[in-house]
Amino acid sequence: MNRQLRILLADDDESFTLLVKRAVLDQPEVASQCELHCVRDGTEAVDYVLGRGRFENREQYPSPDLVLLDQRMREMDGSEALLEIRKSKSNRTLPVCIYSTSSQEKLHELCYSNGAAFCIAKPLDYEILGKKLRLIVEFARSVLELPRKN
2 MNRQLRILLA
12 DDDESFTLLV
22 KRAVLDQPEV
32 ASQCELHCVR
42 DGTEAVDYVL
52 GRGRFENREQ
62 YPSPDLVLLD
72 QRMREMDGSE
82 ALLEIRKSKS
92 NRTLPVCIYS
102 TSSQEKLHEL
112 CYSNGAAFCI
122 AKPLDYEILG
132 KKLRLIVEFA
142 RSVLELPRKN
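Each residue of the sequence shown is one higher than the one before, starting from 2 at the first, in this note's numbering.
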């Protein structure tokens with residue numbers, strides 16, 4: 002059996018991060034399939050993905066299989082973080098999802114042109130959030146080839 006899907010969530014809204022954690026834990030089929038790591042902004046997301054600074058210990062901070070970035074963060078937004086992540090050759094194919102409360106077409110075009118795998122509306126309703134998380138995990142586990150071990 003493959004290991005759990007490692008998801009990195011970057012959002013500067015603590016209440017949303019807690020909501021995501023709760024939505025994962027409230028769904029045993031999701032919680033058993035993924036390992037959620039959270040950071041507070043785009044700068045931390047880039048450092049985590051690249052294993053820099055306080056995130057260099059890969060046993061404590063394993064490389065993510067999927068990154069979820071909020072577009073609107075005070076310290077480096079999602080599309081800026083995505084550009085920084087894509088500068089690293091080893092992360093050019095890392096699946097990154099940008100989410101936002103805004104559904105502007107220009108934002109989606111920007112995210113896709115910067116290398117986002119997909120963009121979604123930021124789910125603020127708990128039930129919708131739970132459904133989207135379940136679908137994201139199911140989709141990622143069905144298409145990503147994860148190593149059997151760490």
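Every residue, glycine too, gets a C-beta built ideally from N, C-alpha and C.
All values derive from a computational prediction rather than experimental measurement.
6 Å Cβ shell around residue i - same chain, five flanking residues per side excluded
{"i": "L61", "result": "The sequence given here has Gln at residue 61, not Leu. Result list for Q61: empty, nothing under 6 Å."}
{"i": "A141", "result": "L6 and L67"}
{"i": "D48", "result": "G54 and F56"}
{"i": "H109", "result": "C120"}
{"i": "C35", "result": "Q5, L6, I8 and V138"}
Residue i, enclosing beta strand (DSSP E) - first and last residue
{"i": "R7", "result": "L6 to A11"}
Residue i - partner residues in DSSP beta bridges
{"i": "F119", "result": "C98"}
Close beta carbons around residue i, own chain, < 8 Å, minus the five adjacent residues each side
{"i": "D13", "result": "R41, D42, D71, M74, R75 and E76"}
{"i": "L130", "result": "L20, V21, A24 and P124"}
{"i": "Q28", "result": "G131, L134 and R135"}
{"i": "L145", "result": "L6, D66, L67 and P96"}
Candidates the options, of which the one nearest residue i by Cα
{"i": "I137", "options": "S80, R93 and V97", "result": "V97"}
{"i": "L37", "options": "H109, K88, L69 and L83", "result": "L69"}
{"i": "S103", "options": "I8, L83 and C120", "result": "C120"}
{"i": "L202", "options": "S91, I99 and L26", "result": "Only positions 2 to 151 of the chain appear in the structure, and residue 202 is not among them; the question remains open."}
{"i": "E45", "options": "G79, A32 and P29", "result": "G79"}
{"i": "N92", "options": "L111, N115 and K107", "result": "N115"}
{"i": "T18", "options": "A32, T94 and C39", "result": "C39"}
{"i": "E85", "options": "E15, C112, E30 and S143", "result": "C112"}
{"i": "A11", "options": "N58, S101, R59 and E30", "result": "S101"}
{"i": "R87", "options": "R59, E106 and A117", "result": "A117"}
Close-in-space but distant-in-sequence residues of the same chain around residue i (CB under 7 Å, 5 per side omitted)
{"i": "S89", "result": "L51"}
{"i": "M2", "result": "Residue placement at M2 is flagged as unreliable, the pLDDT there being 44, under the threshold of 50; a coordinate-derived value is accordingly withheld."}
{"i": "Y127", "result": "L20 and A24"}
{"i": "E81", "result": "G43"}
{"i": "L26", "result": "A32"}
N- and C-terminal bounds of the alpha helix (DSSP H) containing residue i
{"i": "S89", "result": "Premise fails: S89 is in no alpha helix (DSSP H) and is neither H nor E."}
{"i": "S104", "result": "Looking at the DSSP string, S104 is not in any alpha helix (DSSP H), and its letter there is neither H nor E."}
Please list the segments of the alpha helix (DSSP H) lying wholly inside the segment 28-70, counting only runs of 4 or more residues, in order along the chain.
-> 29-32 and 43-51
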